[in-house]
Amino acid sequence: MTQHRSTARIALLAVATAAALLLTGCVAGETAPAAEPAEAAEAGEATVTTGGTLNIDFATYNPLSLVIKDQGWLEDALSDQDIAVNWVQSAGSNKANEALRANAIDVGSTAGSAALLFRSNGSPIQVIDIFSQPEWAALVVPGDSAITDVADLKGKQIAATKGTDPYFFLLQALEEAGLTLDDVTVQNLQHADGWAALQNGSVDAWAGLDPIMAGAEAAGAELLYRNVAFNSYGFLNATESFVTEKPDVAQTVVDVYEHARAWALENPDQTAEILAGVSGLDLAVATTVITDRSNLDVDNVPGKAQLSVLKKIGPTFVAAGDVAAQSQIDDALDTIINDSFATKADPSVVK
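Right, here's the structure in full:
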């Protein structure tokens, strides 16, 4: 690392540390206390973490995580600090959130709706970067199904993974069609299991998630209902304790993510190849996911755009009994955003 690069890094770390410390104590969830601040550094001195392990997830619904893992950029960026990188696969937003809440990972990938749900119920997480604005959820039926619109789902069995965007997509689609959860039976199955249930006939419909959904479509399943407005953004979340105690590492994660975004936009074919390799999808299907249903060219700084979507989704949590009161939603909306790292993102850390 050159002296110039080291100086730039220290400057960025100083800003990130100050922002993180200012947030400490005022961003706790409804039932969870704010994380304790790390021991204060000397005046004018930035936090520099050395040793230990960064626990971070990768997920097929987050293409940037796959690219970063494949290329080894985080390992390289953290090598001077002797920080190891431990990659943990998330099967869905619910699993990522469970791992974050258990402190099994420091950073995890979820849909914005799922992050809001967990924050509303006391999980001390914050969104530190936006990785995509995808159309990754839809309602899926078998190719030979007699179901032709959402209203036809009344009295039917539907597979959905609670705590994820497809589940919230289902809630919104039912509401739009004049139905409620009382009108259907939801089988709470993980995404891959939901697709399997649709194939074996144990459910009539599935609230699907890409890239599994794209594979289902290629296999003959039909997308019964699509609505990009019912999909929330891809959130990169971190625990409050992590951003408070290791703001320099959090900044490096965001910096590397922004390098990966630029790389993926310039190399869509290679990005699709990486997705195909991890997910087991045919390359043509993976290409569809990357080029047609994953909008990676989006502002990475979390803020008003995401909050406007979450404000529409929030009341469905209360109506469905997933959150006890709207006040918890409101508190979460006020505390879930931490834009201090995304606004300072420096993709040039990757050489």
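If you count by mature numbering (1 follows the signal peptide of the UniProt record, and there is no 0), then the sequence shown holds residues -28 to -1, 1 to 323, one letter each, in order. No residue lacks a Cβ here, since even glycine has one placed at the ideal position from N, Cα and C.
Of the residues assessed, Gly127 falls on the exposed side of the cut-off, its CB having fewer than 16 other CB atoms within 10 angstroms. In this structure, the beta-carbon distance from Thr32 to Ser251 falls below 9 angstroms. Pro287 is positioned such that its CB atom lies closer than 9 angstroms to that of Ile301. The DSSP assignment places complete alpha helix (DSSP H) segments of no fewer than 4 residues inside the segment 238 to 284 at 240 to 251, 255 to 260, in order along the chain. Only exposed fits Leu237, as fewer than 16 other CB atoms lie within 10 angstroms of its CB.
Note that the C-beta distance between Ala86 and Val60 is not below 9 angstroms. The shortest CA-to-CA distance from Arg265 to any of Arg198, Ala277, Gly64 is the one to Arg198.
When DSSP assignments are scanned along the segment 27 to 112, the uninterrupted stretches of beta strand (DSSP E) that are 3 or more residues long and fall wholly within it turn out to be 56 to 61, 79 to 83, 97 to 104.
Straight-line spacing of the CA atoms in Thr259 and Ala18 works out to 42 angstroms. The alpha carbon of Val226 has as its nearest neighbour, out of Ala248, Val273, Ile262, the alpha carbon of Val273.
Per DSSP, reduced to three states, the secondary structure at Tyr139 is helical.
The way I'd put it, the segment 103 to 121 doesn't touch the segment 40 to 54; fewer than three beta-carbon pairs between them come closer than 8 angstroms. Around the C-beta of Glu212, 16 or more other C-beta atoms lie within 10 Å, and the residue is accordingly described as buried. Counting only residues of its own chain and dropping the five nearest sequence neighbours on each side, Ala56 has a CB closer than 6 angstroms to the CB of Thr25. For the pair of segments examined, the segment 94 to 103 was found to touch the segment 304 to 320: the number of CB pairs separated by less than 8 angstroms reaches three. CA-to-CA, the gap between Asp303 and Val295 works out to about 12 angstroms.
When beta bridges are read from the DSSP output, Tyr197 appears opposite Leu111.
Annotated as proximal: Ala131 and Ala177, with beta-carbon spacing under 9 angstroms.
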